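Counting from 153, one number per residue, gives the positions in the sequence shown under this note's numbering. What follows is one structure encoded as structure tokens, with my remarks underneath.
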Amino acid sequence: MVLGASEGLGAAYAHGLAARGLNVVLAARRTDLLQRVAEDVAHQHGVETRAVTLDLAASELLAVLQAQTDELDVGFVVYNGASGYVGPMRDQGVDSLRSIIAVNCTGPLNVCHHFGARMIDQGRGGIVLMGSAAGLAGAAYNSAYAASKAFDIVLGEALWAEWRNLNVDVISVIGPAIDTPNYRAASSLDGGSMPKPMAPAAVVEEVLDALGSTPSLVPGERVRNMLAMLGALPRRETLLEAARRSVLERWWYGTRGDRRRFRNHLH
């Protein structure tokens with residue numbers, strides 16, 4: 153099952169898993185896009201697919217998933233959903249903050265609890281949680297997103313340690329810049345100065361190949377080297393250097409673009 157599968161990285165996960173012989177449940181809120189991806193995956197790989205329309209921020213998320221999957225043998229789950237807001241926290245409404253927490257924290261927690269228990273009972277399974285490099289340190293003008301992605305990283309690593317002897321593999325992905333529609337839209341508003349992204353299929357292959365061998369993974373050697381350099385600094389210097397490099401800070405102070413449109417690309 154891939155949550156957040158209507159385009160970009162989520163669609164790449166669906167194709168990557170299907171290429172390895174798995175039937176795939178695809179879940180996201182945009183029905184038309186989701187159905188097209190499900191049909192494409194089934195056609196290309198000869199597997200069964202099921203498209204489930206749901207909002208990852210909704211309180212009934214788990215109930216919808218249970219109704220759609222309780223009769224299935226779900227042995228692998230990718231939580232790829234994310235919500236964010238770009239701009240000063242003081243400008244952000246509390247409902248927006250709660251939505252970010254619902255998608256990025258409550259959703260993966262519920263999914264891990266429910267499907268993890270099923271996998272433990274079955275004696276096999278795997279879970280991928282898509283975190284972000286933003287979760288490694290406070291990110292100026294992206295505070296709630298960064299904090300929520302830190303939650304995902306730590307949750308996945310903790311469950312890796314807890315379930316590794318139960319034949320259930322969990323991996324936290326510390327995501328780099330990835331060439332998705334949202335990233336391309338944000339990059340166009342930033343004037344094209346954002347970091348060169350990785351191809352979604354390349355990220356998926358690294359993650360699936362690493363499953364079972366490590367609690368967390370930074371895809372891409374270039375990104376691993378950059379994060380290692382930042383991690384060697386004192387914490388204060390890490391935060392300041394991250395802010396200095398931040399495309400969000402450059403964008404906020406240095407462009408005259410449509411900021412509202414930029415924010416909406418992250419939802």
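Note that beta-carbon positions come from the ideal geometry of N, C-alpha and C, so glycine has one too. On a predicted model such as this, the values are computed, not experimentally measured, just so you know.
DSSP on residue i, reduced to helix/strand/coil?
i, result
"Ser324", "strand"
"Leu111", "With the chain running from 153 to 419 in the structure shown, residue 111 is simply not present."
"Thr366", "coil"
"Val399", "Because the pLDDT at Val399 is just 48, under 50, the model does not fix this residue reliably, and the value given afterwards should be weighed accordingly. Reduced to three states, the DSSP call for Val399 is helix."
"Gln244", "coil"
"Gly343", "Any reading at Gly343 must be qualified, since the residue scores a pLDDT of 48, below 50, and its modelled position is unreliable; the value itself is stated next. In the structure shown, Gly343 sits in coil (DSSP, three-state: anything other than H, G, I, E or B)."
"Ala302", "helix"
Just list the residues that DSSP pairs residue i with in beta bridges.
i, result
"Met282", "Val325"
"Val154", "Leu178 and Val230"
"Gly277", "Val320"
"Thr201", "Val176"
Roughly how many angstroms lie between the CA atoms of residue i and residue j, to the nearest whole one?
i, j, result
"Met350", "Ala286", "16 Å"
"Leu341", "Leu161", "Caution applies to Leu341, whose pLDDT of 47 falls short of 50 and renders its modelled position unreliable; the value that the coordinates give is listed next. Each residue's Cα considered, the two are about 21 Å apart."
"Ala170", "Val189", "12 Å"
"Val424", "Phe303", "For the chain, the structure presents residues 153 to 419; residue 424 sits outside this window and is missing."
"Arg172", "Asp361", "11 Å"
"Val306", "Gly364", "17 Å"
"Asp207", "Ala296", "19 Å"
"Val355", "Val325", "9 Å"
"Gln218", "Met241", "35 Å"
"Leu318", "Asp243", "45 Å"
"Glu191", "Asp321", "28 Å"
"Ser284", "Tyr293", "15 Å"
Pop quiz: residue i and residue j are said to be a contact at Cβ under 8 Å. What is the actual Cβ separation, rounded to whole angstroms?
i, j, result
"Val230", "Leu155", "7 Å"
"Ala203", "Leu186", "5 Å"
"Ser300", "Asn256", "4 Å"
"Trp315", "Gly268", "7 Å"
Answer yes or no: do residue i and residue j have a C-beta to C-beta separation smaller than 9 Å?
i, j, result
"Tyr237", "Ile253", "no"
"Ala134", "Thr201", "Look at the range of the chain in this structure, 153 to 419, and you will see that residue 134 is not part of it."
"Leu224", "Val177", "yes"
"Gly278", "Ile323", "yes"
"Ser158", "Ala194", "no"
"Met282", "Gly239", "no"
"Gly168", "Glu357", "yes"
"Pro367", "Trp312", "yes"
"Thr258", "Met153", "no"
Does any C-beta atom of chain C lie closer than 9 Å to the C-beta of residue i?
i, result
"Ala171", "Absent here is chain C; the protein component of the structure consists of one chain."
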